[in-house]
Amino acid sequence: MYPKFQFISIKNKMALLFILSILIPIIIMFINSYISSQQMLQSKYTDLLSDITKQSNIRIEEFLDDIKQISLISSYGINSYVSAVSQENYPVQNYLGNASQSNGNQATQLLMNYITMKERAFSVYIYNLNGGRDLLVSTNKPVDYTYHPRNEEWFRDFLDSSDIIRDLPTRIDLQTKQDDNWAIYHLRKIFDLEDGKLLGVMVVSIDIDFINKVNKRLQKSNRSAFTIVDENDRVIFNSNYASIDRPFNEIFPLKDQINKEQAREVVRSGGKSYILIHSAFEQHDWTTYLYMPVEELAVEGNMLMRNLWTLVIALVLFAVISSIYLSNVITRPIKQLMKNMTLVEQGKFDNLPSVRSNDEIGLLAKRFEHMSSELKQLVERIYQEQEEKAEAEIRALQAQINPHFLYNTLNSVKWIASMQRADKIVEMTEALISILRYSSKVENRIVKISEEMDNIVHYLTIQKVRYFNRISVDYQLDEGLLHYEILKLSIQPLVENAIFHGIADQEDGLLTITVAPHGEHDLIIAVSDNGIGMDEDTALALRQALKEPASPSGSIGVYNVHSRIRRVFGEAYGITFDSVKGKGTTFTITIPRTGKGAMRHEKGADRR
């Protein structure tokens, strides 16, 4: 036993193959594009943040260098190379030597110019160590004149050191009355140009907000992550001023130690992954950190994902539509060819729909059309041969019947002539002539039932004479059915069989001939007698003979008619019989109700 497979059409197979052939590369491209884009996006952001960090360090140090230059120029004059005699070029030197109002105004004006030039991002405090008043210049913050840093540790340490300049990390500027005034201090010692005596200390208080201005390129969300620490990893700058002067590990706790050798790395903090960028200053022992959660990349990653999904959906739709279209284009001629094959199976060889295809399927369709044409010719030839064979068989059967009947009739004439009954001879002769004329018309083997019954009347006329009127006939004919057609000489053999084998030896033989409807489309012709009937063996043998495909040897009666009816009208029609021993026999012919034209069409359809 072969396994039973479920039918799957070529169209569905091709559509599935096309879809998979497009969908699989799309999925691979989608996954590869997403992973590559995420890596590229992370690399891009990492490079961008690293660049921002380095540029910020450079700009901060440039700003601090500018402050350093300003403190130098303002402390020793615009032209420090000029002779010490030209005191008008050194307002700060003049003020520290003589803290007069005029010198104070000149020094203040000079410092205001520098402060304004740098967008008022710093203040200048000159602490006079020569016995005069301090000079405190600030443009945007109120100055606390009661405060002096002489007692501050950083101030004393600077005075005791040999340093001329020093930058101090972020601290609260106590010289102003404003709260949370975080600033970076730039310290410079001012010496007398003539004798080198220490005249004072200049403190440039740089508002740390200048770092925010430097980092305008940073997004607002990233500014809070921009942090500068000193050599002890304490925060010098963060946009959240509450984080200043705290250890960096407190505001950004790390699970692992930072690898100083790598400028960028991915670290874990607080259960999240961060991209951490760190860059050291060139002129200070400071380090800048910039960290950003990796999940923030999901914003652009989601946009990328949406774009990829849109592309994938568009490609999938294109794949489905194009696959269905291509499969239809390819399988449409195949379907048409299958329909043509079905039509040929049904016997419709003419006017087959054309199969339009310029490929192998088109060639196959042309070969099939050629084969159908040849098959049509073969069927027509076979049909014609069968027609001719049937005609020959019918003529042969009729030829068998006619001599047999003629022999019996002439035998009857002999007996009547011997008894010198001339009037009966005339009657029988006329009936015989009518019978011979009817049976000799070979051009029509299909006749009306009424014509067949006329022939039966002539036949019974002869038989009544032969049997000395011991045979009675009862005609039960439905006049509305007599115009339908039947095979010629179909009833006569049954009547003859009923007389010879049923009532020939009876004194009161009764023969009943019935024409009646049977169902909606058929009719029956019954020939009944009240004769001796058949025993069980004889009836069984006759029924078996009617079922055999070939005529029994020497049979020219019932089977002859039965075979002819089945050949012409089909297997559903023919002769049946019922017989009871001692009570008689009934033979029944069943044929369709058909006229001449309809019968021929039905016959042709049956033979096809």
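With the working numbering as the guide, the letters of the sequence shown map in order to residues 1151 to 1758. Ideal Cβ placement from N, Cα and C applies to all residues, glycine included. Owing to the predicted nature of the structure, the values given are computational and were not obtained by experimental measurement.
Spatial neighbours of residue i in its chain, beta-carbon cut-off 6 Å, leaving aside the 5 residues before and after
i: K1697; result: none
i: P1667; result: L1673
i: Y1625; result: I1663
i: I1378; result: I1386, F1387, W1436, T1438
i: S1622; result: L1660
Beta bridge counterpart(s) of residue i as assigned by DSSP
i: G1350; result: N1278, I1340
i: Y1759; result: A question about residue 1759 goes unanswered here, because the residues of the chain that appear run from 1151 up to 1758.
i: V1417; result: Y1424
i: R1209; result: Note: R1209 sits in no beta bridge, so no partner.
i: Q1124; result: It is not possible to answer for residue 1124, since the shown part of the chain is limited to 1151 through 1758.
i: N1388; result: T1377
i: D1763; result: The structure shown has nothing for residue 1763, since the chain only spans 1151 to 1758.
i: M1603; result: Answer is none; M1603 lacks a bridge partner.
For residue i, the nearest candidate out of the options (CA to CA)
i: S1171; options: R1587, Q1243, A1469; result: A1469
i: V1287; options: F1341, A1249, V1353; result: V1353
i: R1580; options: K1598, R1595, N1605, V1597; result: Before going further, note that residue 1580 is Glu rather than Arg in the sequence given. If we check each option's Cα against that of E1580, N1605 comes out closest.
i: Y1264; options: I1220, D1330, N1255; result: I1220
i: G1732; options: V1242, L1324, G1681, Y1245; result: G1681
i: I1223; options: L1261, E1577, I1386, S1640; result: L1261
i: M1603; options: I1185, L1582, I1621, K1638; result: K1638
i: I1425; options: Y1226, L1198, F1727; result: L1198
i: K1614; options: A1654, R1270, S1187, T1481; result: A1654
i: G1724; options: D1687, D1679, I1675; result: I1675
i: I1276; options: L1349, D1329, Q1205; result: L1349
i: I1356; options: S1429, N1362, R1414, Y1335; result: Y1335
i: H1434; options: Q1486, P1483, L1461, D1380; result: D1380
i: K1485; options: S1186, G1734, G1512; result: G1512
Buried or exposed (CB count within 10 angstroms, at least 16 for buried), residue i
i: H1633; result: exposed
i: W1332; result: buried
i: V1351; result: buried
i: A1464; result: exposed
i: Q1325; result: buried
i: N1229; result: With a pLDDT of 48 at N1229, under the threshold of 50, the predicted position of this residue should be treated as unreliable, and no value is reported.
i: R1531; result: exposed
i: L1467; result: exposed
i: P1292; result: exposed
i: H1520; result: exposed
i: V1597; result: buried
i: M1267; result: exposed
i: Y1231; result: Annotation note: pLDDT 40 at Y1231 (below 50); position unreliable, coordinate value reported separately. By the neighbour-count rule (16 or more Cβ atoms within 10 Å), Y1231 is not buried but exposed.
i: F1618; result: exposed
Through-space distance from residue j to residue i, alpha-carbon basis
i: F1650; j: Q1642; result: 12 Å
i: S1584; j: V1645; result: 17 Å
i: M1491; j: Q1527; result: 16 Å
i: W1436; j: N1382; result: 9 Å
i: L1166; j: I1181; result: 22 Å
i: Y1174; j: A1515; result: The sequence shown places Ile at residue 1174, rather than the Tyr named in the question. Between I1174 and A1515, the C-alpha separation is close to 35 Å.
i: S1705; j: L1692; result: Per-residue confidence for S1705 stands at a pLDDT of 43, beneath the threshold of 50, marking its modelled position as unreliable; the derived number appears in the next sentence. One C-alpha to the other measures close to 10 Å.
i: A1234; j: D1317; result: Confidence in A1234 is poor, its pLDDT being 40 and thus under 50, which makes the residue's placement unreliable; the coordinate value appears in the next sentence. Whole-angstrom Cα-Cα distance: 28 Å.
i: I1636; j: M1488; result: 41 Å
i: S1729; j: M1684; result: 6 Å
i: F1402; j: L1214; result: 27 Å
i: V1274; j: K1339; result: 13 Å
i: I1177; j: Q1412; result: 36 Å
i: Y1295; j: R1283; result: 11 Å
i: A1257; j: P1241; result: 5 Å
i: Q1237; j: E1269; result: Annotation note: pLDDT 45 at Q1237 (below 50); position unreliable, no value reported.
i: Q1536; j: A1722; result: 19 Å
i: F1737; j: A1695; result: 15 Å
i: T1740; j: E1495; result: 30 Å
i: L1610; j: V1665; result: 17 Å
i: S1703; j: S1713; result: Only weak support is given to the placement of S1703: the predicted model assigns it a pLDDT of 42, under 50, and the value that follows is read from those uncertain coordinates. Near 14 Å, if we compare the C-alpha coordinates of S1713 and S1703.
i: D1359; j: W1459; result: 44 Å
i: E1303; j: I1315; result: 16 Å
i: I1210; j: N1362; result: 10 Å
Beta-carbon contacts of residue i that lie in its chain and below 7 Å, excluding the five residues immediately before and after
i: L1404; result: V1417, S1419
i: R1717; result: A1540
i: I1322; result: N1331, W1332
i: H1119; result: What is shown of the chain runs 1151 to 1758, which leaves residue 1119 out entirely.
i: R1306; result: none
8 Å Cβ shell around residue i - same chain, five flanking residues per side excluded
i: H1132; result: For residue 1132 there is no data in the structure shown, the boundaries of the chain being 1151 and 1758.
i: F1168; result: A1469, S1472, S1473, L1476, S1477
i: R1384; result: P1319, D1395, R1396, P1397, F1398
i: Q1243; result: S1225, Y1226, G1227, Q1237, I1340, D1342, L1343, L1349
i: T1196; result: R1414, I1425, I1427
i: V1444; result: Q1192, V1416, K1422, S1423, Y1424, I1425
Cβ-heavy atom distance, residue i to the ligand MG, below 7 Å
i: T1662; result: The ligand MG is not part of the structure shown, which contains no ligands of any sort.
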